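Novice: Residues in the sequence shown are numbered from 1 upward in steps of one, following the working numbering. Please see the structure below; I have some questions.
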Amino acid sequence: MDILTLELLDVTVFQALLELKGLLADHPGEALRIRGEDDLLRVNVTGFLEKQGRMVRQVRQGPQWELQVAQGARPVPLVSAVVPAIHPVLLLRSAFAPGDRALGRRLLLETLAHLEPGTPWLCLAHQAVELLEDPGAVAILEGLKGRGVPVHVSASSLVHGGQEPAGFDLVPDEGWQRLLVRGGVTVL
């Protein structure tokens, strides 16, 4: 198999780097050989390749030099047919923290409003049950429910806070806890 070779004679550093970038883009990860005479060019090309994570070996042949660039990692093509699974969402706080609580509450509620319709469920637990006391938050939760996202409330969290489920489904905690330890839930 022939090694890809780039001759850099009578070019500026800028032109050499442009040619090298194009070559690397067209042949990602392939081993290559670069030849030239100008030492300033050699230093710049070597530095560029090393910044790209490529291993470079320099060989001197009289006034000429050769850079032998080892094969690098080839990018793995993305499979566009794979659709990421939408995880259920577990909400543990009534506001994003730390920072200004009012801003944190507003940002959290705006985030909830953007949950996708295919989200399996949203569960309020721990401090998030405080949202049931906020009419604006309850309106957003009811809107989610209306868009087909079931809204659950942790039984233990409600009992601890002495609250009512406010028209949302009361659920035992072990279901979301099992998903949580397996990484099967998005935590906000």
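Think of the CB as a built atom: it goes at the ideal place given N, C-alpha and C, for glycine as much as any other residue. Just so you know, these numbers come straight off a predicted model, no measurement behind them.
Quick check: the segment 58-77 against the segment 30-43, are there 3 or more CB pairs under 8 Å?
Specialist: Because the criterion of three Cβ pairs below 8 Å is met, the segment 58-77 and the segment 30-43 touch.
Novice: Is the beta carbon of L122 less than 9 Å from the beta carbon of L141?
Specialist: Here residue 122 corresponds to residue number 122 of the sequence shown, with the count starting at 1. Here residue 141 corresponds to residue number 141 of the sequence shown, with the count starting at 1. Yes, they are a contact pair.
Novice: Return the first residue and the last residue of the alpha helix (DSSP H) that S156 is part of.
Specialist: Walking along the sequence shown from the start, residue 156 turns up at place 156. Here the alpha helix (DSSP H) through S156 covers 155-161.
Novice: Quick one: does A70 have its CB under 9 Å from some CB of chain D?
Specialist: In the structure shown, chain D does not exist; there is a single protein chain.
Novice: Beta-carbon within less than 7 Å of E50's beta-carbon, same chain only, minus the 5 sequence neighbours each way: which residues are those?
Specialist: Residue numbering aside, residue 50 sits at position 50 when the sequence shown is read from its first letter. Cβ within range, chain order: V56.
Novice: I need the straight-line Cα distance from G184 to P172, nearest angstrom please.
Specialist: Here the question's residue 184 lines up with position 184 in the sequence shown. Here the question's residue 172 lines up with position 172 in the sequence shown. The alpha-carbon atoms of G184 and P172 are separated by roughly 17 Å.
Novice: Does DSSP put R35 in a helix, in a strand, or in coil?
Specialist: As a first step, residue 35 is located in the sequence shown; it is residue number 35 there, counting from the start. Of the three classes helix, strand and coil, the one that applies to R35 here is strand, per DSSP.
Novice: Enumerate in chain order the residues of its own chain whose CB-to-CB distance from W176 is below 6 Å, with the five nearest sequence positions on each side excluded.
Specialist: Taking the sequence shown and counting its residues from 1, the one referred to as residue 176 is at position 176. Only L90, C123 meet the Cβ criterion.
Novice: Which residue spans inside the segment 107-170 form an unbroken alpha helix (DSSP H) run of at least 4?
Specialist: As far as the segment 107-170 is concerned, its whole alpha helix (DSSP H) runs of at least 4 residues are 135-146, 155-161.
Novice: Could you give the distance in angstroms between the alpha-carbon of P63 and the alpha-carbon of A73?
Specialist: For the purposes of this step, residue 63 is taken as the residue at position 63 of the sequence shown. For the purposes of this step, residue 73 is taken as the residue at position 73 of the sequence shown. Those two C-alpha atoms are separated by around 32 Å.
Novice: Considering only the beta carbon of each residue, do H114 and T186 sit closer than 9 Å?
Specialist: Here residue 114 is taken as the residue at index 114 of the sequence shown, counted from 1. Here residue 186 is taken as the residue at index 186 of the sequence shown, counted from 1. In this structure, T186 does not lie closer than 9 Å to H114 by Cβ.
Novice: What are the start and end residues of each continuous beta strand (DSSP E) run of 3 or more residues lying completely inside the segment 1-31, in chain order?
Specialist: Fully enclosed beta strand (DSSP E) runs of 3 or longer: 4-8.
Novice: Take R54 as the anchor and find which of K21, T111, E174 has the nearest alpha-carbon.
Specialist: Residue 54 sits at position 54 when you count from the first residue of the sequence shown. Comparing Cα-Cα distances from R54 to each of K21, T111, E174, the minimum goes to K21.
Novice: With DSSP collapsed to three states, give me the class of R56.
Specialist: The residue given as residue 56 occupies position 56 in the sequence shown. Correcting the residue identity first, residue 56 is Val in this sequence and not Arg. V56 falls in the strand class under three-state DSSP.
Novice: Whole-angstrom Cβ separation of L188 and L144, contact assumed at under 8 Å?
Specialist: In the sequence shown, the residue the question calls residue 188 occupies position 188. In the sequence shown, the residue the question calls residue 144 occupies position 144. Not a contact, Cβ separation roughly 13 Å.
Novice: Go ahead and pull the three-state DSSP assignment for Q61.
Specialist: As a position in the sequence shown, residue 61 is number 61, starting the count at 1. Looking at Q61 - three-state DSSP - the assignment turns out to be strand.
Novice: Go ahead and label H152 buried or exposed: buried means 16 or more other beta carbons lie within 10 angstroms of its beta carbon, across all protein chains shown.
Specialist: Locating residue 152 in the sequence shown gives position 152, counting from the first residue. H152 is buried by the Cβ-count criterion.
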